[in-house]
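**Q** For the record, in the sequence shown the residue sitting at position 308 is 308 according to full-length UniProt numbering, with numbers rising by one throughout.
Ideal Cβ positions, reconstructed from N, Cα and C, are used throughout, including at glycine.
All values derive from a computational prediction rather than experimental measurement.
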Amino acid sequence: MYYSLFLFKKVIKSKLFVISIVILITACLALNLRNQNDQTLANNAKNQMQFDTQQIKRSAPDKSKDSQENIALTKDDRQMNYQIHKLAVAQKWRRAYHAQIKYNNWQLKAESNGKVIDRSVVNFLMSEVYRCQYLLKHNLPEQSRTSPTKGITFSIFIDHIISSILIPLLLIFNFGLLYTKRYGNGVDKERLIPISNTSSLFQNLSIGYAISLLLIIGTIGLSFVLSSSFAGVGSWKYPIAYYSPKMPFNIYVSQGSLIVPILVLRILSTCFVVTFVYLISVVTKQLLPAILISIITLIGSNLVTPYLKILAKSGQFLPTSYFNGVNVVSGQLAHQTRNIQFNYIHGVETLVIWIIFIIIASYAILIFRQHYYNVPKKS
């Protein structure tokens, strides 16, 4: 118990831990300020009107029939976006959604009548139609699809943005420092105190888990409080994109239905990072190698999984594939890799199995070293 308290104080009093807190607070605040009015219905409509006006001015000198027809279509486009912008600014959401759906269907018709059909554009427009229909059905005020600002939605956004790189990176540095400090000149200082290998392993990992989870909960809580104070709490029913393997475009479901699975993956992946850093620290006994190996293995494999064919096909067995809980639970990772095995259930199983395996491996190394040091040396 006293040793656990010692480890706890060691972490929270370190300058690195304080820097980590400052980085997370700055990231939450900066992202919330950046998201204000970014990619909203009103802002998108305004940008489209400006683009249409420029197109009309460029085409005006050309008096040909085709040019005049294009100008007429562009004016229609500008008028529809003017209506959307006007309704969105006035927060007449139901009418704004009807206008946006009408505009998207008009674009879909124009795209379908073209000589070359761009499926990515069609899929995007279909997705936007579903989004507006969902918002209309539940009578919810709109916020940015890609840059939300309200409490609940922004907290999910924060987890999505920082979960793959920033959180694991901070955990690697903090616990790499903690777990390698026990070794001085390659000698395990814990051998000088009356503590068993089992107790040492348990206390080191339990403190690591506790502090890392407090860090995660604090980050999510801070992002929720900051965004709620600026833009309101939001709604559990607000739509979040869901990538179905049966459809080429994403549909929308209630964000509240995905929060618990996202949190479970966040907790398990955080525990895995701590466990892995502990193992590497025990093996290397040095800070720099422990940090470098952890960064390359954990963050590196996580970043390349969607883009390397071999990892895209078999990466469901890698625990690092589940660091971004939002990507996994929403089906985005499965959609990117065309591998439906990237899912919540498989993620939980993979993370739990790897955590148990690494704990056993760490314990085996500690036992082996104890046996080695206890064997009488021949003179």
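Give the straight-line distance between the Cα atoms of arginine 369 and serine 281, rounded to the nearest whole angstrom.
**A** 14 Å
**Q** Quick test of the definition: if touching needs 3 or more C-beta pairs under 8 Å, does the region 211-228 touch the region 265-284?
**A** yes
**Q** So within the region 69-156, which uninterrupted alpha helix (DSSP H) runs reach at least 4 residues, ignoring any that extend past its ends?
**A** 93-112 and 119-138
**Q** For proline 194, name the three-state secondary structure that DSSP assigns.
**A** coil
**Q** Out of curiosity, what's the CA-to-CA distance linking isoleucine 193 and leucine 16?
**A** 26 Å
**Q** Determine contact between the region 226-236 and the region 103-112, defined as no fewer than three beta-carbon pairs at a distance below 8 Å.
**A** no
**Q** Can you name, in chain order, every residue of its own chain whose Cβ lies under 8 Å from the Cβ of phenylalanine 173, other than the five neighbours on each side?
**A** Leu16, Ser20 and Ile291
**Q** Apart from the five residues just before and just after leucine 205, which ones in its own chain have a Cβ nearer than 8 Å to its Cβ?
**A** Val274, Thr275, Tyr278 and Ile359
**Q** Ordered along the chain, which non-local residues of its own chain (more than five positions away) have a Cβ less than 6 Å from that of asparagine 327?
**A** Here asparagine 327 has Leu333 as same chain residues with Cβ atoms under 6 Å from its own Cβ, once five neighbours each way along the sequence are excluded.
**Q** Does alanine 361 come out as helix, strand or coil in the three-state DSSP assignment?
**A** helix
**Q** How many Å lie between aspartate 188 and tyrosine 2 at the Cα?
**A** 19 Å
**Q** Which value, in whole angstroms, describes the spacing of the CA atoms of serine 379 and tyrosine 372?
**A** Confidence in serine 379 is poor, its pLDDT being 49 and thus under 50, which makes the residue's placement too unreliable to answer from.
**Q** If you reduce the DSSP assignment to three classes, tell me which class serine 379 lands in.
**A** Because serine 379 carries a pLDDT of 49, less than 50, the predicted location of this residue cannot be relied on, and the following value inherits that uncertainty. Assignment of serine 379 by DSSP, reduced to helix, strand and coil, places it in the coil class.
**Q** So what does DSSP say about glycine 234, is it helix, strand or coil?
**A** In the structure shown, glycine 234 sits in coil (DSSP, three-state: anything other than H, G, I, E or B).
**Q** If you draw a straight line from the alpha carbon of phenylalanine 202 to that of leucine 41, how long is it in whole angstroms?
**A** Cα to Cα, the separation comes out at about 52 Å.
**Q** Do the region 163-170 and the region 296-316 touch if we need at least three Cβ pairs shorter than 8 Å?
**A** yes
**Q** When you compare each of Ile251, Ile217 and Asp77 to aspartate 159 by their alpha carbons, which one comes out closest?
**A** Ile217
**Q** Just the Cα atoms here: how many angstroms apart are proline 141 and leucine 135?
**A** 7 Å
**Q** Output needed for threonine 337: all residues of its chain with C-beta closer than 6 Å, excluding positions within five of it in sequence on either side, in chain order.
**A** If you ignore the 5 residues before and after threonine 337, its C-beta comes within less than 6 Å of the C-beta of Pro306 and Ala312, all in its own chain and listed in chain order.
**Q** Rounded to the nearest angstrom, what separates asparagine 250 and phenylalanine 357 at their Cα positions?
**A** 36 Å
**Q** Could you tell me which residues DSSP pairs with valine 283 in its beta bridges?
**A** DSSP, once it has assigned bridges, lists no residue as partnering valine 283.
**Q** Quick check on the DSSP output: the beta strand (DSSP E) that includes serine 254 runs from which residue to which?
**A** 251-254
**Q** Take the Cβ of asparagine 47 as the centre, count every other Cβ of all protein chains shown within 10 Å, and call the residue buried at 16 or more, exposed below.
**A** exposed
**Q** Would a C-beta distance cut-off of 7 Å place tyrosine 242 and serine 330 closer than the cut-off?
**A** yes
**Q** Decide if aspartate 118 is buried, meaning its Cβ has at least 16 other Cβ atoms within 10 Å, or exposed.
**A** exposed
**Q** Does the Cβ of serine 100 have 16 or more other Cβ atoms within 10 Å, making it buried, or fewer, making it exposed?
**A** The amino acid occupying residue 100 in the given sequence is glutamine; serine does not appear at that position. It counts as buried.
**Q** For proline 319 and leucine 308, I'd like the C-alpha separation in whole angstroms.
**A** 16 Å
**Q** Quick check: what's the CA-CA separation for leucine 7 versus threonine 180?
**A** 12 Å
**Q** According to DSSP, is tyrosine 322 helix, strand or coil?
**A** DSSP places tyrosine 322 in helix when its eight states are reduced to three.
**Q** Going straight from the alpha carbon of serine 163 to that of histidine 85, what length do you get?
**A** Separation of serine 163 and histidine 85 (C-alpha to C-alpha, rounded to the nearest whole angstrom) is 34 Å.
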